[in-house]
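Participant: If you count the sequence shown from 1, you need to add 737 to reach the numbering used here.
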Amino acid sequence: MEQAILPESSWQRIREFAADKQTPCLVVDREVIRGKYQELREVFPFASVYYAVKANPDQAVIGCLEEMGSNFDIASVYELDKLLSLGVSADRMSYGNTIKKAREIEYAYNKGIRMFATDSESDLRNVAKYAPGSKLYVRILTEGTETADWPLSRKFGCQADMAIELIVLAKELGLEAVGISFHVGSQQRDIGAWDAAIAKVRFIFDRVAEHGIKLRLINMGGGLPALYSSRSHEIDAYGAAIRRFLDEDFGEEQPEIIIEPGRSLVGESGVLVSEVVLISRKSRDSLYRWVYLDVGLFGGLIESLGEAIKYPLYCDKAGDGVEEEEVVLAGPTCDSMDILYEDHRYSLPQTLEAGDRLYWLSTGAYTTSYSSVEFNGFPPLKTYVI
Ligand SMILES: *Cc1c(COP(=O)(O)O)cnc(C)c1O
């Protein structure tokens, strides 16, 4: 059963809580986040955790992770302000976005941020000028993004040669050049992607050492998986392999390690509860029924774009001996792009009808933060954190 992603107690709790709520809504169980955080600490005892706030910026989620002792990877001054207002101190945050305005750097610096990512000379010069003396790490490009279900493509990071130049320049400009960061692509199914990235970092560490600079930090970003419909390795397989890659490349002289989990930390904690609005056929003899829901690409399921992420789906009417048929799933808006799954066919009971609820599992990450504000008048996805 798909809901096996959640502990039975949590699934029951979420179901009961949602019973009298209007759909669509996302119900997030803090207990699951706590469990995931513990698990990450156990699997990566050698790393500090910086939660990637963008995955789920709900204040109760942030509060829960703050209590657990997490640090935070922020991407904007807005996330910064939000965290400050929730009582998270600036020394527990890293400004991980390489794309920022000079005045945003200055603002962050004035609020106490002392750790920044960069991947270009102009941003680096801004950091040196507006956040003098701060810790800086340089983000590099990584290969193998085609094995990630949600690749972060070529947008971030620079080539190794440029990273070396930037580290040297950072030092000249009075910054504390601490290390290198990368992100192997979100929901990365190939553990080997970390091997290649870590080897590249080793190469850069050696090259900058020739300039008399000793780097000491690797920020490995995100990429660890959450459980969806497609198979992926367990998180401990990632931990063991990454430990081995680090040992192979760094031996006795291990660098400090940061991980920035988003999806793997909060993904499985959420269930998006939706309702069937309409079921139709496009002609009397068409093979497939179209099932339109009250949630679609713009209401929180944007990662279904290109059918990249396939969320496990649960329906009350399903069960042993119930006849099912393959359907096309689509959202409620007037944009024809708002089709969730057409190539990948979900099977749903033939008895499915308007008003039935469908539960989307593993929707705790990248749903609410992506949902539109007022497209066709639909409000943003409501979250409840229990
Ligand atoms: C989005 C992002 C993350 C989180 O990635 P996941 O794959 O969701 O864990 C971490 N670090 C940075 C810099 C990011 O942009």
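For glycine and all other residues, C-beta sits at the position ideal for the given N, C-alpha and C.
For Asn847, which residues of its own chain have a beta-carbon under 6 Å away from its beta-carbon, when the five flanking residues on both sides are left out?
Facilitator: Numbered from its first residue, the sequence shown carries residue 847 at position 110. If we look at Asn847 and ignore the five residues flanking it on each side, it has no Cβ neighbours.
Participant: Just the C-alpha distance for Tyr1048 and Leu1085, rounded to the nearest angstrom, thanks.
Facilitator: Indexing the sequence shown from 1 puts residue 1048 at position 311. Indexing the sequence shown from 1 puts residue 1085 at position 348. Those two C-alpha atoms are separated by around 14 Å.
Participant: Counting only runs that start and end within the region 973-1056, where is the alpha helix (DSSP H) found for 4 or more residues in a row?
Facilitator: For the region 973-1056, whole alpha helix (DSSP H) runs of length 4 or above, ordered along the chain, are 1000-1003.
Participant: For Leu873, report the span of its alpha helix (DSSP H) as first-last.
Facilitator: The count along the sequence shown starts at 1 and reaches residue 873 at position 136. No alpha helix (DSSP H) contains Leu873, which is instead part of the beta strand (DSSP E) from Lys872 to Arg876.
Participant: Please report how far the alpha carbon of Ser746 lies from the alpha carbon of Val786, in whole angstroms.
Facilitator: Taking the first residue of the sequence shown as 1, we reach residue 746 at position 9. Taking the first residue of the sequence shown as 1, we reach residue 786 at position 49. C-alpha separation (whole angstroms): 27 Å.
Participant: Excluding the 5 residues flanking Glu768 on each side, which residues of the same chain have their C-beta closer than 7 Å to its C-beta?
Facilitator: On the sequence shown, position 31 is the one that residue 768 refers to. The residues are Ser747.
Participant: Under a three-way DSSP split, which group does Tyr1107 fall into?
Facilitator: On the sequence shown, residue 1107 is found 370 positions in, with the first residue counted as 1. If DSSP states are grouped into helix, strand and coil, Tyr1107 belongs with the helices.
Participant: Using a Cβ distance threshold of 8 Å, determine whether the region 1113-1121 contacts the region 1068-1083, with at least three qualifying pairs required.
Facilitator: At 8 Å Cβ cutoff, the stretches touch.
Participant: Restricting to Cα atoms, I'd like to know which of Tyr844, Ala865, Tyr975 and Ile901 is closest to Glu779.
Facilitator: Residue numbering aside, residue 779 sits at position 42 when the sequence shown is read from its first letter. Comparing Cα-Cα distances from Glu779 to each of Tyr844, Ala865, Tyr975 and Ile901, the minimum goes to Tyr975.
Participant: Taking only three categories from DSSP, how would you classify Phe942?
Facilitator: Position 205 of the sequence shown, counted from the start, is the residue given in the question as residue 942. In the structure shown, Phe942 sits in a helix (DSSP, three-state: H, G or I).
Participant: Do you know whose CA, among Ile901, Arg980 and Tyr1103, lies nearest Ile935's CA?
Facilitator: By 1-based counting over the sequence shown, the position of residue 935 is 198. The residue with the shortest Cα to Cα distance from Ile935 is Arg980.
Participant: Do Leu1098 and Tyr1083 count as a contact pair if the criterion is CB distance below 8 Å?
Facilitator: By 1-based counting over the sequence shown, the position of residue 1083 is 346. By 1-based counting over the sequence shown, the position of residue 1098 is 361. For Tyr1083 and Leu1098, no; Cβs fall outside 8 Å.
Participant: Output yes or no for whether 8 Å exceeds the beta carbon distance between Leu802 and Ile770.
Facilitator: By 1-based counting over the sequence shown, the position of residue 802 is 65. By 1-based counting over the sequence shown, the position of residue 770 is 33. Closer than 8 Å, so yes.
Participant: Cβ of Pro998 versus every heavy atom of ligand 1: is any distance shorter than 7 Å?
Facilitator: The count along the sequence shown starts at 1 and reaches residue 998 at position 261. Indeed, a heavy atom of ligand 1 lies less than 7 Å from the Cβ.
Participant: Determine which residues share a DSSP beta bridge with Pro888 and list them.
Facilitator: For the purposes of this step, residue 888 is taken as the residue at position 151 of the sequence shown. Answer is none; Pro888 lacks a bridge partner.
Participant: Taking the alpha carbon of Met899 as the reference point, which residue from Ser1106, Ala885 and Lys937 has its own alpha carbon closest?
Facilitator: For the purposes of this step, residue 899 is identified with residue 162 of the sequence shown, where counting begins at 1. Out of Ser1106, Ala885 and Lys937, Lys937 has the C-alpha closest to the C-alpha of Met899.
Participant: Which value, in whole angstroms, describes the spacing of the CA atoms of Leu1125 and Ile877?
Facilitator: The structure shown does not extend to residue 1125, since the chain is modelled only from 738 through 1123, so no value can be given for it.
Participant: Please report the residue range of the alpha helix (DSSP H) in which Ile770 lies.
Facilitator: Position 33 of the sequence shown, counted from the first residue, corresponds to residue 770. Where Ile770 is concerned, the enclosing alpha helix (DSSP H) stretches over Arg767 to Val780.
Participant: Would you say the beta carbon of His920 comes nearer than 7 Å to a heavy atom of ligand 1?
Facilitator: As a position in the sequence shown, residue 920 is number 183, starting the count at 1. Answer for His920: yes, Cβ within range of ligand 1.
Participant: Which residue wins for smallest C-alpha separation from Arg829, given the options Tyr1078, Lys758, Asp810 and Pro962?
Facilitator: As a position in the sequence shown, residue 829 is number 92, starting the count at 1. With distances taken between Cα atoms, Arg829 lies closest to Asp810.
Participant: May I ask you to report which of helix, strand or coil DSSP gives Phe893?
Facilitator: Residue 893 sits at position 156 when you count from the first residue of the sequence shown. Here Phe893 sits in coil by DSSP.
Participant: Need the endpoints of the beta strand (DSSP E) that Gly916 sits in, please.
Facilitator: As a first step, residue 916 is located in the sequence shown; it is residue number 179 there, counting from the start. It spans Glu913 to Ser918 - the beta strand (DSSP E) in which Gly916 sits, taken as one unbroken run.
Participant: Would you kindly work out how many angstroms separate the C-alpha atoms of Val1003 and Arg1021, rounded to a whole number?
Facilitator: The count along the sequence shown starts at 1 and reaches residue 1003 at position 266. The count along the sequence shown starts at 1 and reaches residue 1021 at position 284. About 43 Å.
Participant: Is any heavy atom in ligand 1 found nearer than 7 Å to the beta carbon of Lys1054?
Facilitator: If you number the sequence shown from 1, residue 1054 lands on position 317. Incorrect: Lys1054 has no Cβ contact closer than 7 Å to ligand 1.
Participant: Using alpha carbons as the reference points, say which of Leu1050, Lys791 and Ser807 lies closest to Glu816.
Facilitator: Sequence index remark: in the sequence shown, residue 816 carries index 79 (1-based). Ranking Leu1050, Lys791 and Ser807 by Cα distance to Glu816 puts Lys791 first.
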